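Colleague: In this text, residue positions in the sequence shown follow the working numbering: the first is 132, and each later residue adds one.
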Amino acid sequence: MAKSAQFLRCNALDALSMKECGEYIENNFQKLYVDTVNWPSVTAYQPICAVMGAYSDKYLYAHFVVRENGILAENCKNLSPVANDSCVEFFLKTPTSDEYWNFEFNCIGAVNASHRVTRP
């Protein structure tokens, strides 16, 4: 079952660099550890992964910390199949809609994002 991270308002993050935001979030916000392997028939391997985050009037901040045995990063362009690399995935949905946004980020920062109503 999917868990939901509790993101707190923090407008002060807007004035920080990306590195400073990551450090601040990691040191001051509660970590939600990912403890589910979605496709155990494909692999039972599970890296250590935690997510924490915040939001401001302008931005949404999702900070992932991942520790794994080895990494793969072949997709360098946005909208490329980063799910084939070492990646994290993030979903956003409002409580009143069936629509959602899916974001996948690989370990070198390439993103694949989509707006969906159902899973393909």
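Glycine included, every Cβ here is placed at the ideal spot set by N, Cα and C.
Given the structure is predicted, the values throughout are model-derived calculations rather than measurements.
Would you say C238 and C207 are within 8 Å of each other, going by their C-beta atoms?
Modeller: Here the question's residue 238 lines up with position 107 in the sequence shown. Here the question's residue 207 lines up with position 76 in the sequence shown. When the beta-carbon positions are compared, C238 and C207 stay at least 8 Å from each other.
Colleague: Given M132, which residues of its chain have a CB within under 6 Å of its CB, disregarding the five upstream and five downstream residues?
Modeller: Here residue 132 is taken as the residue at index 1 of the sequence shown, counted from 1. The pLDDT assigned to M132 is 42, lower than 50, so where the model puts this residue is not dependable, and the model offers no usable value.
Colleague: For N243, I'd like the list of residues in its chain whose CB is within less than 6 Å of its CB, leaving aside the five on either flank, ordered along the chain.
Modeller: Locating residue 243 in the sequence shown gives position 112, counting from the first residue. Same-chain partners within the cutoff: L210, V213, E235.
Colleague: Looking only at its chain, what residues have a beta carbon closer than 7 Å to the beta carbon of A193, apart from the 5 residues adjacent to it on each side?
Modeller: For this step, residue 193 is matched to residue 62 along the sequence shown. Within the same chain, A193 has close Cβ partners V182, G184, F221.
Colleague: Along the chain, where does the beta strand (DSSP E) that runs through L179 open and close?
Modeller: Numbered from its first residue, the sequence shown carries residue 179 at position 48. A small fix is needed here, since residue 179 is Ile in this sequence, not Leu. Looking at the DSSP string, the run of the beta strand (DSSP E) that includes I179 is 179 to 186.
Colleague: For the alpha helix (DSSP H) that contains N158, what are its first and last residues?
Modeller: On the sequence shown, position 27 is the one that residue 158 refers to. Start and end: 149 to 159.
Colleague: Exposed or buried, what is L144 when buried is set at 16 or more other beta-carbons lying within 10 Å of its beta-carbon?
Modeller: Taking the sequence shown and counting its residues from 1, one reaches residue 144 at position 13. With 16 or more other CB atoms across the displayed protein chains lying within 10 angstroms of its CB, L144 is buried.
Colleague: Quick check on the DSSP output: the beta strand (DSSP E) that includes Y231 runs from which residue to which?
Modeller: As a working mapping, residue 231 is identified with position 100 in the sequence shown. First-last of the beta strand (DSSP E) with Y231: 231 to 237.
Colleague: Starting from Y176, follow its DSSP beta bridges and name the residues at the other end.
Modeller: Reading the sequence shown from its first residue, position 45 is the one you call residue 176. Assignment of beta-bridge partners to Y176 by DSSP yields no partner.
Colleague: Just the Cα atoms here: how many angstroms apart are N233 and R247?
Modeller: Residue mapping note: residue 233 aligns to position 102 of the sequence shown, counting from 1. Residue mapping note: residue 247 aligns to position 116 of the sequence shown, counting from 1. Each residue's alpha carbon lies about 8 Å from the other.
Colleague: May I ask which residues mark the beginning and end of the beta strand (DSSP E) holding Y192?
Modeller: The count along the sequence shown starts at 1 and reaches residue 192 at position 61. Taken as a continuous stretch (DSSP letters only), the beta strand (DSSP E) holding Y192 covers 191 to 198.
Colleague: Give the DSSP bridge partners of S245, in chain order.
Modeller: For the purposes of this step, residue 245 is taken as residue 114 along the sequence shown, with counting starting at 1. Paired residues: N233.
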